[in-house]
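Protein chains in written order, with this note's numbering: chain S, 1 to 308; chain B, 1001 to 1272. By construction, the Cβ of each residue, glycine as well, lies at the ideal position given by its N, Cα and C atoms. Source: prediction; values computed, not measured.
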Amino acid sequence: MVNRIKKTVIEQQSGWELRDVCVKLDGTPVLKHIDLTLEPGTWTALIGKTGAGKSTLARLFKGLIPEFTGEYRLEGQSMARDRKGRARVVPEIGFVFQYPEHQIFETTVEKELSFALRMRGDSSKEIAAAIRTLLPTFGLSEELLQQSPLLLSGGQKRRLAIASVLIANPRLLILDEPTAALDPVSRRELLKLLRDWQRNGLQHEQRAVLFISHRMEDVAEYSDRVALLHEGRLLTHDTADELFLHRSELLSQAGMPLPEAIELLRLTEQLSGRALNPASCREADVLERVKEAWNARKETGGPSDEPF
Amino acid sequence: MNRSDRLLVGQFIERESILHRLDPRIKLISLLMLMVVIMMLDHRSGYVAATIAVVVILLVSRIPVLFYLRGLLPLLPVLLLTLLYHAMLGKGQTILASYGFLQVTVEGIEEGIRIVWRILLMILPASALTGTTRPLVLAQGLETLLKPLSKLRVPVEQFSLMVVIAIRFIPTILEEIQRIGLAKRARGFEPSSRNPLSRLSEFIPILVPLLVSTARRADHLTLAIEARAYGDGRGRTVYRPLCLTKLDLAAGLLMLLSLSALLVLDDYLPHI
């Protein structure tokens, strides 16, 4: 018991840590001297322009990049490598690829869901229990279990694909643009579901998420921390509030836009000549300040349809 | 060049040779003529002469011999089976051994060797053709050659478009296979040993999703082609029209002459 607590403490301190990692693909450097630690219990967004190295970095964490220099420590342990010095795929890390619905390969929904558990060697009892607890969260009914996954609707397929990753209860979940090509409502639902899943981790096994996204609004809304990549280098790894509200020059350096609500905030600040300090970079907090500024303007008597 | 690119080009090998520069139509016609002539050979002397001609073609292509040998590898079982079939079931007078209805005769063995030899003489120049011609240029050459058939309402252009699309989608489909493989590995699947049979059995479950996604893609592509008013394809032009050069004509003529010489040699050389 004491050992377990001790181990837990070490794990919580360590997380997944890259030290001076460089990756070359086909001879071209893709990642240059990356130092980055993903802490347990945090939702980290990974942003950067197309080709900045986001997908490569995500695959590196999962162990899908066989060759790299530098060190990768997983929960205090150095990355396991085989005889040829190639990185090993890390089974404890969940990975949702882009367009996950295109990677469904089993013949029934049940088999698809249980694939990771079967590979791990769980008993059929455990598998059935895991499926039963997970299904309702993902809005999938038990009648679907024996169906072919190819008959599901697009949204169902995506949820199934993500569910079949989450069922193995990974400690770190990597999401490579999980909401690409979804409609706004489904996007919000899916992100909320994933956020709830991340927060519901038990105390001693806090779940971490690495979230790749091109939508700054989603990044500001859901992330605790943001890692910003630019041409293979890590420009910053900071809290979302700090980056979006105080260090936005880094974003423009990397060619990334601000979330729309913060653009609006900046515009309002410019026109009113006052600094509006929102509580966080989340949309609700930011718009709250914008609204206050407008209301203040109304009260001082100016016509509300004119600019400040 | 990454793996899928290499696989796309597959048969084609970039080199500087006369064969690479020749017009695909000349190469296609020459290959056809060569095959017909080889079918017409009757005597061993003819086979020897044809072998020399084929070796010359292979050497002129400047493609490493290893490439040709590797291309023959998958055919090995077929060739062996042909040889065994003729050796054991062929009819002949000189019986070497017999077991039940199986009869190994000298004539049968000779016949088997002759047929395998003939197959080799036809396959090797064909791989020289695909090795020295880009797949798309080859399709274009085929289309031009078959054009007269469109007078008979054979949909030549559509057929050629189909071939071109099929070639273009090979890397896309390979990518899809890799992606599904990656997704499996990410969920704890370890590809088993190097045993080709067990690797094959791992590949089979991928086929269904692959077929489905390919059908879906074909459907989208059909719509996209129609949306760009492809219509029945009449009167389309090409970006790089084929044109015959002096080199092409010379090569065609040379081929014609040597093939006629081959036929003559086959009949008039002392028969060995």
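Could you confirm whether any beta carbon from chain B is found closer than 8 Å to the beta carbon of V21(S)? Not closer than 8 Å to any Cβ of chain B, the Cβ of V21(S) fails to qualify, so no.
Tell me whether the beta-carbon of L969(B) lies closer than 8 Å to the beta-carbon of L64(S). With chain B covering only 1001 through 1272, there is no way to say anything about residue 969(B).
To be precise: take each residue of the segment 1171-1195 of chain B, compare its Cβ to all Cβ atoms of chain S, and keep it if any distance is under 7 Å. Which residues remain? Hits within the stretch, in order: R1179, I1180, L1182, A1183, K1184, R1185, A1186, R1187, G1188, F1189.
Enumerate, from N- to C-terminal direction, the unbroken alpha helix (DSSP H) stretches of 4 or more residues contained entirely within the segment 1119-1204 of chain B. The qualifying runs are 1135-1146, 1156-1186.
Quick one, which residues of the segment 266-285 of chain S are near chain B if we go by CB-CB under 7 Å, in chain order? Listed in chain order, the positions of the segment 266-285 of chain S with a beta carbon within less than 7 Å of a beta carbon of chain B would be empty, since no residue qualifies.
Separation of L113(S) from C22(S), as counted between CA atoms: Roughly 35 Å between the two C-alpha positions.
For the putative contact between K84(S) and G232(S), defined by C-beta atoms under 8 Å, what is the C-beta separation to the nearest angstrom? Taking 8 Å as the upper bound for CB-CB distance, K84(S) and G232(S) are not in contact here, some 25 Å apart.
The ligand SAM heavy atom lying under 7 Å from the CB of G51(S): This structure simply doesn't include the ligand SAM, nor any ligand for that matter.
Distance cutoff 8 Å, beta carbons only. Does S1213(B) sit that close to anything in chain S? Yes, S1213(B) counts as interfacial toward chain S.
For the segment 45-55 of chain S and the segment 135-155 of chain S, state whether three or more C-beta atom pairs, one from each stretch, are separated by less than 8 Å. These segments do not touch.
Out of V286(S), P66(S), D183(S), state which residue places its alpha-carbon closest to the alpha-carbon of R1185(B). Of the residues V286(S), P66(S), D183(S), the one whose Cα lies closest to the Cα of R1185(B) is P66(S).
Burial state of L1138(B), where buried means 16 or more other Cβ atoms lie within 10 Å: Burial call: buried.
Strictly under 8 Å for the Cβ-Cβ distance: is I1206(B) near chain S by that measure? Contact with chain S is found for I1206(B), since one of that chain's Cβ atoms lies less than 8 Å from the residue's Cβ.
Amino acids of chain B, ordered along the chain, whose beta-carbon sits closer than 7 Å to that of A116(S): Chain B residues near A116(S): R1187, G1188.
Could you round the C-beta distance between A254(S) and L235(S) to whole angstroms and report it? I think they count as a contact, below 8 Å. Indeed they touch by this definition, with Cβ atoms about 6 Å apart.
In the DSSP assignment, find the unbroken beta strand (DSSP E) run with I1095(B) in it and report its ends. It spans 1095-1099 - the beta strand (DSSP E) in which I1095(B) sits, taken as one unbroken run.
When DSSP labels each residue in this structure, what does Y1047(B) get in the three-state scheme? Reduced to three states, the DSSP call for Y1047(B) is helix.
Using a Cβ-Cβ cut-off of 6 Å (strictly less than) and excluding sequence neighbours within five positions of S186(S), which residues of its own chain qualify? Once the five neighbours on either side are set aside, the close Cβ partners of S186(S) are G155.
Of the residues L1262(B), L1121(B), A1224(B), I1177(B), the one placed nearest Y1068(B), counting alpha carbons only: That would be L1121(B), whose Cα lies nearest to the Cα of Y1068(B).
With DSSP collapsed to three states, give me the class of C1243(B). Per DSSP, reduced to three states, the secondary structure at C1243(B) is coil, with no helix or strand assignment.
Please check if any C-beta of chain S sits within less than 8 Å of the C-beta of P1155(B). No, no contact with chain S.
Got a sec? Which residues, its chain only, sit under 6 Å from L144(S) by beta carbon, not counting five neighbours each side? Closer than 6 Å at Cβ, skipping near neighbours: V109.
Identify whether Y72(S) lies in helix, strand or coil by the three-state DSSP scheme. Under the three-state reduction of DSSP, Y72(S) is assigned to strand.
Comparing the C-beta of P1135(B) with each C-beta of chain S, is any distance below 8 Å? For P1135(B), not one C-beta of chain S is nearer than 8 Å to its own C-beta.
Examine chain B for any beta-carbon lying closer than 8 Å to the beta-carbon of P66(S), and answer yes or no. At a cut-off of 8 Å between C-beta atoms, P66(S) does not count as an interface residue with respect to chain B.
Report buried or exposed for E205(S), applying the criterion of at least 16 other Cβ atoms within 10 angstroms of its Cβ. E205(S) should be labelled exposed.
Alpha carbon of R118(S) to alpha carbon of I1013(B), nearest angstrom: Looking at the two C-alpha atoms, the distance is approximately 44 Å.
Along chain B, which residues have their Cβ under 9 Å away from the Cβ of I131(S)? At a C-beta separation below 9 Å, I131(S) has no neighbours in chain B, since its nearest C-beta there lies roughly 15 Å away.
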